[in-house]
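Structure first, then comments.
Residue numbers (the numbering used here): 3 to 295.
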């Protein structure tokens, strides 16, 4: 009952009669083919689709299984914005495979509207992507300072900072970059759900990986392309990385020996050939326009 597919790992509130329970989609067991009503395996439930899924919860739920013509077991899944995602008639208890462990993230009891009232603004994620040296971190930090001056709770997740701590175990292969982005997206979502404005400054060169971040974060994701020509980024080269890549000392360097896929339709595109201050001004006004209530 929403525009996006339902996927494993998403958390919702299950409303069952007058009770509410935090649940997580543990598996999608079978998806209904609406043409012939057959069941087949699937990785997601499409919009307006039907499927049998397994939900996990941190506590026991008492219910009578759903049966046509009766009111028993008629639940609905509700997202963090209090919107109904879908109907959830409960068919029965599921058994975990032998040796499996139930993992169930607990949802906050503080609503999004309560956080808006507390902070005076929405939480959201602004994902700055661009070539190394395009100005992502500089713009992110300057915009952060301006937003904090105006009373907005703002946090920057910078690529180098993350790789010095949370992602220090990762390299720069395609798989490691994807994992770096996945971890960053989950942290950004947690911060945004707490009501913060999150500015991510990450090269994130592949469109597929940025799409994964958008799917993890959900509605509050806004892609910002920090657009600077490769030649300009090389002339800046504040860390000497381009020179090292040209000399063959850095493998898989974005823009030289690894591709960068520019966003096709970002929420905002900032050209940084001129003064950085102009881009900072545009970005923080853009953010204010989205999160203001």
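Glycine included, every Cβ here is placed at the ideal spot set by N, Cα and C. As the structure is a computational prediction, the values presented were derived from the model and not from experiment.
Inter-segment contact for the region 258 to 265 and the region 195 to 208 is present: three or more beta-carbon pairs are separated by less than 8 Å. Secondary structure at residue 96: coil, using DSSP grouped into helix, strand and coil. The beta carbon of residue 149 lies closer than 8 Å to those of 156, 199, 286, 289, 290 in the same chain, with the five residues before and after it left out.
If you check the CB distance, residue 32 and residue 39 do not come in under 8 Å. Positions of the beta strand (DSSP E) runs, each at least 3 residues long and wholly inside the region 211 to 266, are given as 223 to 229 in order along the chain. In the DSSP assignment, the residues bridged to residue 157 are 200. Residue 73 is classed as exposed because its beta carbon has fewer than 16 other beta carbons within 10 Å across all chains shown.
Taken atom to atom, the span from the alpha-carbon of residue 134 to that of residue 55 is near 42 Å. Per the coordinates, the alpha-carbon of residue 36 lies some 25 Å from the alpha-carbon of residue 95. When 20, 123, 16 are compared, the shortest CA-CA separation from residue 79 is found for 16. The C-alpha of residue 235 lies about 27 Å from the C-alpha of residue 190. Assignment of residue 89 by DSSP, reduced to helix, strand and coil, places it in the strand class. Between residue 128 and residue 226, the C-beta gap is smaller than 8 Å, which places the two residues in contact.
The criterion of a C-beta distance shorter than 8 Å is satisfied by residue 294 and residue 123. With contacts defined as CB atoms closer than 8 Å, residue 216 and residue 275 fail to qualify as a contacting pair. Cβ contact annotation for residue 92 (same chain, cutoff 7 Å, sequence separation greater than five): 65, 67, 68, 75, 77, in chain order. When the beta-carbon positions are compared, residue 182 and residue 193 stay at least 8 Å from each other. One thing to note: residue 203 has its Cβ within 8 Å of the Cβ of residue 142.
Under DSSP, residue 24 takes part in a beta bridge, and its partners are 15. Annotation for residue 128: the continuous beta strand (DSSP E) segment containing it runs 126 to 131. Here the alpha carbon of residue 18 sits roughly 14 Å from the alpha carbon of residue 57.
For residue 154 and residue 273, the gap between their C-alpha atoms comes out near 25 Å. Under the DSSP assignment, residue 62 falls outside any beta strand (DSSP E); it carries neither an H nor an E label. Inter-residue distance for residue 254 and residue 146 is about 30 Å (C-alpha atoms, whole angstroms). When DSSP reads this structure, residue 77 sits in a beta bridge with 18, 90.
Within the DSSP bridge table, the entry for residue 123 names 294 as partners. Cβ atoms of residue 121 and residue 197 come within 8 Å of each other, at about 5 Å. Per DSSP, reduced to three states, the secondary structure at residue 272 is strand. For residue 186, the secondary structure class from DSSP, reduced to helix, strand or coil, is helix. Its chain contains 160, 203 as the residues whose beta carbon lies nearer than 6 Å to that of residue 139, once the 5 sequence neighbours on both sides are disregarded; these appear in chain order. For residue 4, the closest C-alpha among the options 228, 89, 175, 242 is that of 89.
The beta carbon of residue 281 sits closer than 6 Å to the beta carbons of 141, 272, 274 from its chain, once the five residues preceding and following it are set aside; these are given in chain order.
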